[in-house]
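Engineer: Everything in the sequence shown is counted per the working numbering, starting at 366 for the first residue and increasing by one.
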Amino acid sequence: MSWSEYVARWSSGEVNRVIAQKVGVTEPSIARWKNGGIKSPDAKQVAAFARAYGRPILEAFVAADFLTEEEARVRPTAVPSLSSLDEVELIKEILRRAEERGEHGGDTAATSAPALTGLRSAARTTGKVSKNQQRQRNAERAGEPEPDDPDDMEPR
Numbered sequence: 366m367s368w369s370e371y372v373a374r375w376s377s378g379e380v381n382r383v384i385a386q387k388v389g390v391t392e393p394s395i396a397r398w399k400n401g402g403i404k405s406p407d408a409k410q411v412a413a414f415a416r417a418y419g420r421p422i423l424e425a426f427v428a429a430d431f432l433t434e435e436e437a438r439v440r441p442t443a444v445p446s447l448s449s450l451d452e453v454e455l456i457k458e459i460l461r462r463a464e465e466r467g468e469h470g471g472d473t474a475a476t477s478a479p480a481l482t483g484l485r486s487a488a489r490t491t492g493k494v495s496k497n498q499q500r501q502r503n504a505e506r507a508g509e510p511e512p513d514d515p516d517d518m519e520p521r
């Protein structure tokens, strides 16, 4: 469906003045949209039209030929903030990126077998926490003072 067909279909025969008011564009712009005089309208105006007529913006972008139908179906995935990751998750993310770069011809020094093996080993051991470390973490989360560590106490 072309942009002009999309506008005609969803504006349901409304007069250009009404459409222009709803969308926030001029009447001559609407006339050009309807008669195909504008092949590629402004993206903000396309989004405004979709909102005014309760249509999905991606659908309007496909009609305006900004995206293909296939591109409109792809949903982005949220990438976690690195500050929200613990040490093990950070190491795993570094490994994933290093391996990805290696597959795509990236820096081979960063993706060499010894470097990746060392990181993998660190990922396995970093996740292990002593009982005392776990008590301290739990106390911090609960807002309590840290428990005394018998190993850190000086002899009396």
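Ideal Cβ positions, reconstructed from N, Cα and C, are used throughout, including at glycine.
Computed from a prediction, not measured in an experiment: that's the story for all the values here.
Have a look at E454 and P445 and give me their C-alpha separation to the nearest angstrom.
Structural biologist: Indexing the sequence shown from 1 puts residue 454 at position 89. Indexing the sequence shown from 1 puts residue 445 at position 80. Near 10 angstroms, if we compare the C-alpha coordinates of P445 and E454.
Engineer: Please classify Y418: does DSSP put it in a helix, a strand, or coil?
Structural biologist: The residue given as residue 418 occupies position 53 in the sequence shown. It is coil, neither helix nor strand.
Engineer: From this set, K399, R466, A385, A437, which residue's C-alpha is nearest Y371's C-alpha?
Structural biologist: Along the sequence shown, read from residue 1 onward, the residue named residue 371 stands at position 6. The candidate whose alpha carbon is nearest that of Y371 is K399.
Engineer: Apart from the five residues on each side of it in sequence, which residues of its chain come closer than 7 angstroms, Cβ to Cβ, to R420?
Structural biologist: If you number the sequence shown from 1, residue 420 lands on position 55. The residues are W375.
Engineer: Would you decide whether V388 is buried or exposed? Buried here means 16 or more other CB atoms lie within 10 Å of its CB.
Structural biologist: On the sequence shown, position 23 is the one that residue 388 refers to. Under this definition V388 is a buried residue.
Engineer: If you pair each beta-carbon of the segment 421 to 428 with each one of the segment 436 to 443, do three or more pairs fall below 8 angstroms?
Structural biologist: Contact between the segment 421 to 428 and the segment 436 to 443 is present, because at least three Cβ pairs lie under 8 angstroms.
Engineer: Keeping to the same chain, check which residues put their C-beta closer than 6 angstroms to that of G401; ignore five residues upstream and five downstream.
Structural biologist: Taking the sequence shown and counting its residues from 1, the one referred to as residue 401 is at position 36. Counting only Cβ-Cβ distances below 6 angstroms, and skipping sequence neighbours, we find S369.
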